[in-house]
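Number of protein chains: 2
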Amino acid sequence: MATLIAPKHPSPVADAEAIRNAVQGLGTNEKTIIAIIAHRNAVQRKLIRYAYEEIYQEDLVKRLESELTGEFEKAVCRWMLEPADRDAVSANVAIKQLTCDHRVITELSCIYSPEELLAVKRAYQALYKHSMEEDLAAHTSGDLRKLLVALVGTYRYDGDEVNGKLANSEAKVLHNAIKGEVIVQDEIIRIVSTRSKAQLMATFNCYKAQYGTSITKHLVEDPANQCLAAVHTALQCINNPLKYYEKVLRSALNKPGTDEDVLTRVIVTRAEKDLKEIKDLYYKRTSQSLDHAVGKDTSGDYKSFLLTLLGHQD
Amino acid sequence: MATLIAPKHPSPVADAEAIRNAVQGLGTNEKTIIAIIAHRNAVQRKLIRYAYEEIYQEDLVKRLESELTGEFEKAVCRWMLEPADRDAVSANVAIKQLTCDHRVITELSCIYSPEELLAVKRAYQALYKHSMEEDLAAHTSGDLRKLLVALVGTYRYDGDEVNGKLANSEAKVLHNAIKGEVIVQDEIIRIVSTRSKAQLMATFNCYKAQYGTSITKHLVEDPANQCLAAVHTALQCINNPLKYYEKVLRSALNKPGTDEDVLTRVIVTRAEKDLKEIKDLYYKRTSQSLDHAVGKDTSGDYKSFLLTLLGHQD
Chain A
458 MATLIAPKHP
468 SPVADAEAIR
478 NAVQGLGTNE
488 KTIIAIIAHR
498 NAVQRKLIRY
508 AYEEIYQEDL
518 VKRLESELTG
528 EFEKAVCRWM
538 LEPADRDAVS
548 ANVAIKQLTC
558 DHRVITELSC
568 IYSPEELLAV
578 KRAYQALYKH
588 SMEEDLAAHT
598 SGDLRKLLVA
608 LVGTYRYDGD
618 EVNGKLANSE
628 AKVLHNAIKG
638 EVIVQDEIIR
648 IVSTRSKAQL
658 MATFNCYKAQ
668 YGTSITKHLV
678 EDPANQCLAA
688 VHTALQCINN
698 PLKYYEKVLR
708 SALNKPGTDE
718 DVLTRVIVTR
728 AEKDLKEIKD
738 LYYKRTSQSL
748 DHAVGKDTSG
758 DYKSFLLTLL
768 GHQD
Chain B
458 MATLIAPKHP
468 SPVADAEAIR
478 NAVQGLGTNE
488 KTIIAIIAHR
498 NAVQRKLIRY
508 AYEEIYQEDL
518 VKRLESELTG
528 EFEKAVCRWM
538 LEPADRDAVS
548 ANVAIKQLTC
558 DHRVITELSC
568 IYSPEELLAV
578 KRAYQALYKH
588 SMEEDLAAHT
598 SGDLRKLLVA
608 LVGTYRYDGD
618 EVNGKLANSE
628 AKVLHNAIKG
638 EVIVQDEIIR
648 IVSTRSKAQL
658 MATFNCYKAQ
668 YGTSITKHLV
678 EDPANQCLAA
688 VHTALQCINN
698 PLKYYEKVLR
708 SALNKPGTDE
718 DVLTRVIVTR
728 AEKDLKEIKD
738 LYYKRTSQSL
748 DHAVGKDTSG
758 DYKSFLLTLL
768 GHQD
C-alpha cells in the first residue's frame with residue numbers, strides 16, 4: 458500500500474499557478490511546493506507539469522532545479538519525474554559513480570517487472586542516447602560487470618509456471634557453486650540473471666529444504682568481493698522486496714552520516730507503491746517508527762518533504 | 458527489396474477455401490498450396506489463417522504440418538507463422554541443438570532492430586514459457602554462452618548518434634584484444650554486444666583506417682573456438698547484413714549435401730525484405746543466379762516453393 462495521501466481531483470492548472478507563485482520573485486515558498494506535490498500521485502504530477510509548461514512555457518522540473526537546493530532539490534526533482542525517467546536517472550548516476558552502486562541496478566532487474574525494467578531502459582536511451590547495458594558495461598569490470606550486465610540484459614519470463622525438477626537441480630548447482638573451495642560465479646550469475654522470479658523462488662525453497670538454511674544465509678557477504686555482494690542483493694530482492702527495502706532504509710539511517718541518496722530513492726520510488734508495508738516491517742524490526750527515524754536524521758524542507766511522502770500528518 | 462510477388466487484394470476466405478480443398482480427402486494438392494501462400498505477404502497470410510480457423514475450426518498451420526512432409530512441410534509452416542513466432546521457433550530449435558547454432562541467435566541480435574528482437578523474445582516466452590535468455594544460458598557454456606546471452610540480452614540503442622572519440626578508442630581496444638598473445642574475449646564481447654550498430658560501424662571504420670585492414674579480416678576464424686566464430690558472425694551481421702546472407706546461402710548451397718535448414722531460414726525470413734539485393738550479390742559473386750543454384754540443389758515441392766518465394770516466374 459502507498460503512504461502517499463492525494464486528493465481525488467485536484468486542478469492541475471490551480472496547482473501549476475500556486476507553484477508558479479511559490480517560485481516567482483525573491484525567495485521560494487518551499488512549504489507551498491511540498492503541500493502540493495507531496496500530495497499528488499504520478500498522473501496528477503504529470504498533469505501539473507503539462508499545465509505548467511503550457512501556461513508558462515518552461516519546464517517545471519528545470520525551474521525547481523534552479524530554485525531549490527541540496528537534498529531537498531534532488532528529492533523534489535526525482536519525485537516530479539515520470540517513474541521510468543526517474544529510475545533511468547538513478548541508474549545513470551549509479552553507473553557513473555566511481556564504484557557503481559549495484560543496488561540501483563539490481564533493484565531494477567530483481568524487483569521491477571520485466572515490462573517496468575524495459576520502460577526504464579527505453580527512458581534511459583531517450584535521455585542519454587546510449588543503452589543502459591553499454592554504459593554499465595563500459596563503467597564496470599570483471600565479475601561485477603558480468604553479473605550486472607546480465608541482470609539488466611535479461612527480459613525475464615514473467616509467468617507463474619515453475620519446473621519443480623529444474624528448481625531441485627538448480628538448487629544443487631547453486632549449493633555446489635557456493636560451497637566449493639572456489640565460488641563458481643558463472644553458474645550463480647546464469648541462474649540468478651536469467652530464470653523467472655517464480656522459478657527462482659521455487660529454487661530457493663528447494664535450497665532451504667535440502668540444506669536446512671536459506672541461500673542468502675549460506676552466501677556470506679564478503680565486502681571485498683563486489684560481485685558476491687551484488688548477488689546477495691539480487692537474492693534478497695527476489696526473495697522479499699519489502700524486507701530488502703526495510704533493510705536498506707535501516708542501514709541508510711543507522712550509520713554515522715545518513716545516506717540521503719538511498720533514503721530519497723527508496724521513499725520516492727516506493728511512496729506510491731508499498732511504503733506502508735515497508736514502514737510496518739521497519740517498526741516490527743526496530744520498535745521505532747520510520748517517520749521518527751527519518752525525522753531524527755534529516756532536517757528542514759527535506760525532512761518535511763520526506764515525512765509528507767511517508768504519510769505523516771501534521 | 459522483396460522477391461515475393463503478391464496480388465494486392467486477394468480474398469482470405471477464397472484462399473482458405475481453396476487451401477481446404479487442397480488438403481481435404483485423399484492426397485494433398487501441393488501445387489495449389491504453393492500457388493496461394495507463396496504469393497501472399499505476411500498480413501495476407503495471417504488473414505488466411507484467421508479465415509481458415511473461423512470457417513473450419515482448426516489451425517491451418519497444424520493442418521499443414523500433418524498434411525505435408527519433409528523440408529517442404531518445414532518451409533511452408535515457417536512461412537505461415539507470424540514473423541516473430543517463426544523467429545522464436547528458429548531460435549528454440551537452434552538453442553536445443555547439440556551445438557547451439559550461433560548464427561540464428563546472432564542474426565536476431567545484430568541484424569534485427571532492437572524492437573524486432575524484443576518482439577521475438579516476447580513470442581518466445583509466449584510459446585515456451587521461458588525466456589530466450591534462460592534457455593540459451595542453460596544450453597550453452599563458456600565464452601560462447603557469455604557472448605550469446607549478452608547479444609540476446611542487450612536492448613541496443615537504435616539512434617544514429619555516434620561518439621567519434623569512443624569509436625577511436627574502442628577500435629584500439631578491439632585491436633589490442635585481437636592482436637595480443639591471448640585474445641581478450643571479454644572486451645570484444647562487451648563492445649560487440651552492447652554498443653549501438655551506428656557506433657559499431659564507426660568503430661569498425663576507425664579500425665580499418667588505423668590498421669589498414671577490416672576487423673573481420675583481422676579476426677581469423679578458428680573452427681575450434683566457437684566463441685570467436687560467433688564474434689566473427691556478429692561482426693559480419695553488423696557490418697553488412699546483405700553480404701552476410703549472401704555468404705550464408707553460398708555456403709549452404711556449395712557443400713556436399715545442401716544445408717536445407719539454412720536455405721529455408723534465409724529465403725523464408727528475407728523474401729519479404731531484401732532477398733532481391735541478396736540475389737543480386739549472389740549473382741555478382743558467383744556469376745550464377747541464386748534461382749539456378751537453389752533449383753539445382755533442391756527438388757519437388759520444396760524446390761517449387763523456394764523458387765516461387767525467390768520471385769521465379771513459371
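Chains as they are written, first to last, in the numbering used here: chain A, 458 to 771; chain B, 458 to 771.
We put the beta carbon where it would ideally sit given N, CA and C, even for glycine.
Item to check | DSSP-derived helix/strand/coil call for A:E515 | outcome: As a first step, residue 515 of chain A must be located in the first sequence, where it is residue number 58. Three-state result, A:E515: coil.
Item to check | Pair within 9 Å by beta-carbon distance, A:R535 and A:S547 | outcome: The residue you call residue 535 of chain A lines up with position 78 of the first sequence. The residue you call residue 547 of chain A lines up with position 90 of the first sequence. Result yes, Cβ atoms of A:R535 and A:S547 sit closer than 9 Å.
Checklist entry - Are the C-beta atoms of A:L747 and some chain B residue less than 9 Å apart? => result Taking the first sequence and counting its residues from 1, one reaches residue 747 of chain A at position 290. False, the Cβ-Cβ gap to chain B never drops below 9 Å.
Next on the checklist: At a CB distance below 7 Å, what residues from the segment 576-598 of chain B approach chain A? Give them in sequence order.
Outcome noted: K578, Q582, K586, H587, S588, E590, E591 and A594
Checklist entry - How far does the alpha helix (DSSP H) with B:N549 in it reach, from first residue to last? => result Mapped onto the second sequence, residue 549 of chain B falls at position 92. It spans P540 to K553 - the alpha helix (DSSP H) in which B:N549 sits, taken as one unbroken run.
Next on the checklist: Beta carbons nearer than 7 Å to chain A: which residues of the segment 607-628 of chain B have them?
Outcome noted: A607, G610, T611, Y612, R613, Y614, G616 and E618
Checklist entry - Taking just the CA atoms, how far does B:V719 sit from B:L763? => result Position 306 of the second sequence, counted from the first residue, corresponds to residue 763 of chain B. Position 262 of the second sequence, counted from the first residue, corresponds to residue 719 of chain B. Their backbone Cα atoms lie some 12 Å apart in a straight line.
Next on the checklist: So, for A:L685: in the same chain, excluding its five sequence neighbours on each side, which residues have a beta-carbon less than 6 Å away from its beta-carbon?
Outcome noted: Along the first sequence, one-based indexing puts residue 685 of chain A at 228. Within the same chain, A:L685 has close Cβ partners D679.
Next on the checklist: To test your reading of the DSSP string, which unbroken alpha helix (DSSP H) runs of 4 or more residues are found completely within the segment 700-734 of chain A?
Outcome noted: Segments of the alpha helix (DSSP H) lying fully in the segment 700-734 of chain A: 717-727.
Item to check | Of the listed residues B:R727, B:E734 and B:Y513, nearest to B:A532 (C-alpha basis) | outcome: Sequence index remark: in the second sequence, residue 532 of chain B carries index 75 (1-based). Considering only alpha carbons, the answer is B:R727.
Next on the checklist: Using a 10 Å radius around the Cβ and a threshold of 16 neighbouring Cβ atoms, would you call B:I512 buried or exposed?
Outcome noted: In the second sequence, the residue the question calls residue 512 of chain B occupies position 55. Counting Cβ neighbours within 10 Å, B:I512 comes out exposed, since fewer than 16 surround it.
Next on the checklist: Taking 9 Å as the threshold (C-beta atoms), are B:R506 and B:D516 in contact?
Outcome noted: Position 59 of the second sequence holds residue 516 of chain B. Position 49 of the second sequence holds residue 506 of chain B. Contact: yes.
Checklist entry - Expressed to the nearest angstrom, what Euclidean distance is found between the alpha-carbon atoms of A:N498 and A:P540? => result In the first sequence, residue 498 of chain A corresponds to position 41, counting from 1. In the first sequence, residue 540 of chain A corresponds to position 83, counting from 1. The alpha-carbon atoms of A:N498 and A:P540 are separated by roughly 11 Å.
Checklist entry - Taking all protein chains shown into account, do 16 or more other C-beta atoms lie within 10 angstroms of the C-beta of B:S777, making it buried, or fewer, making it exposed? => result The displayed coordinates of chain B run from 458 to 771. Any statement about residue 777 of chain B would go beyond what the structure contains.
Next on the checklist: So, for B:I568: in the same chain, excluding its five sequence neighbours on each side, which residues have a beta-carbon less than 7 Å away from its beta-carbon?
Outcome noted: In the second sequence, counting from the first residue as 1, residue 568 of chain B sits at position 111. So the qualifying residues of the chain are C694 and P698.
Checklist entry - For B:D617, does the count of other Cβ atoms within 10 angstroms reach 16, so buried, or fall short, so exposed? => result By 1-based counting over the second sequence, the position of residue 617 of chain B is 160. Exposed, because fewer than 16 other Cβ atoms sit within 10 Å of the Cβ of B:D617.
Next on the checklist: Using beta carbons (cut-off 9 Å, strictly below), is B:S756 in contact with chain A?
Outcome noted: Position 299 of the second sequence, counted from the first residue, corresponds to residue 756 of chain B. No, B:S756 does not count as interfacial toward chain A.
Checklist entry - Does the pairing of the segment 653-663 of chain B with the segment 625-640 of chain B give three or more beta-carbon distances under 8 Å? => result yes
Item to check | Contact belief for B:A459 with B:K741 at Cβ below 8 Å, rounded distance in angstroms | outcome: If you number the second sequence from 1, residue 459 of chain B lands on position 2. If you number the second sequence from 1, residue 741 of chain B lands on position 284. B:A459 to B:K741, Cβ: 19 Å. No contact.
Checklist entry - Can you give the Cα-Cα distance for B:V561 and B:T721, rounded to whole angstroms? => result On the second sequence, position 104 is the one that residue 561 of chain B refers to. On the second sequence, position 264 is the one that residue 721 of chain B refers to. B:V561 and B:T721 have their alpha carbons spaced roughly 12 Å apart.
Next on the checklist: Suppose you measure from the CA of B:T611 to the CA of A:L608; what does that come to, to the nearest Å?
Outcome noted: Position 154 of the second sequence, counted from the first residue, corresponds to residue 611 of chain B. Position 151 of the first sequence, counted from the first residue, corresponds to residue 608 of chain A. When rounded, the distance between both Cα atoms is 10 Å.
Checklist entry - What residues in the segment 653-686 of chain B have a beta carbon less than 9 Å from any beta carbon of chain A? => result S653 and Q656
Checklist entry - What is the rounded straight-line gap between the Cα of B:K586 and the Cα of B:G599? => result The residue labelled residue 586 of chain B in the question sits at position 129 within the second sequence. The residue labelled residue 599 of chain B in the question sits at position 142 within the second sequence. Taking the straight line from one Cα to the other gives about 25 Å.
Checklist entry - Roughly how many angstroms lie between the CA atoms of B:V641 and B:I635, to the nearest whole one? => result Here the question's residue 641 of chain B lines up with position 184 in the second sequence. Here the question's residue 635 of chain B lines up with position 178 in the second sequence. Going by the C-alpha atoms only, they are around 7 Å apart.
Item to check | Residue of B:Q554, B:L574, B:D542 and B:A576 minimising C-alpha distance to B:L584 | outcome: Within the second sequence, numbered from 1, the residue matching residue 584 of chain B stands at position 127. That would be B:D542, whose Cα lies nearest to the Cα of B:L584.
Item to check | Selection from B:S708, B:H632, B:R520 and B:R477 that minimises the alpha carbon distance to B:L538 | outcome: Taking the first residue of the second sequence as 1, we reach residue 538 of chain B at position 81. With distances taken between Cα atoms, B:L538 lies closest to B:R520.
Checklist entry - Relative to chain A, which residues along the segment 639-650 of chain B have a C-beta separation below 7 Å, given in chain order? => result R647
Item to check | Contacts around A:L657, its chain only, beta-carbon distance under 8 Å, and the 5 residues preceding and following it disregarded | outcome: Sequence index remark: in the first sequence, residue 657 of chain A carries index 200 (1-based). Cβ neighbours of A:L657 beyond the five flanking positions: I648, V649 and I695.
Next on the checklist: Between which residues of its own chain and B:A508 is the CB-CB distance below 8 Å, once the five residues before and five after are set aside?
Outcome noted: Position 51 of the second sequence, counted from the start, is the residue given in the question as residue 508 of chain B. Here the set comprises P469, V470, D472 and A473.
Next on the checklist: Starting from B:P571, trace the alpha helix (DSSP H) in both directions and tell me its first and last residue.
Outcome noted: By one-based count along the second sequence, residue 571 of chain B stands at place 114. From DSSP, the alpha helix (DSSP H) with B:P571 extends over P571 to Y585.
Item to check | Any chain A beta carbon closer than 9 Å to B:K603 | outcome: Sequence index remark: in the second sequence, residue 603 of chain B carries index 146 (1-based). True, the Cβ-Cβ gap to chain A drops below 9 Å.
Checklist entry - Hey, quick one: how far does the alpha helix (DSSP H) through A:K465 stretch, first residue to last? => result As a first step, residue 465 of chain A must be located in the first sequence, where it is residue number 8. From DSSP, A:K465 is part of no alpha helix (DSSP H); its letter is neither H nor E.
Next on the checklist: 9 Å is my cut-off, CB to CB: does A:M589 come that close to chain C?
Outcome noted: Reference to chain C is not applicable here, since the protein chains of this structure are A and B.
Checklist entry - From what residue to what residue does the alpha helix (DSSP H) around A:E627 run? => result For the purposes of this step, residue 627 of chain A is identified with residue 170 of the first sequence, where counting begins at 1. First-last of the alpha helix (DSSP H) with A:E627: G621 to K636.
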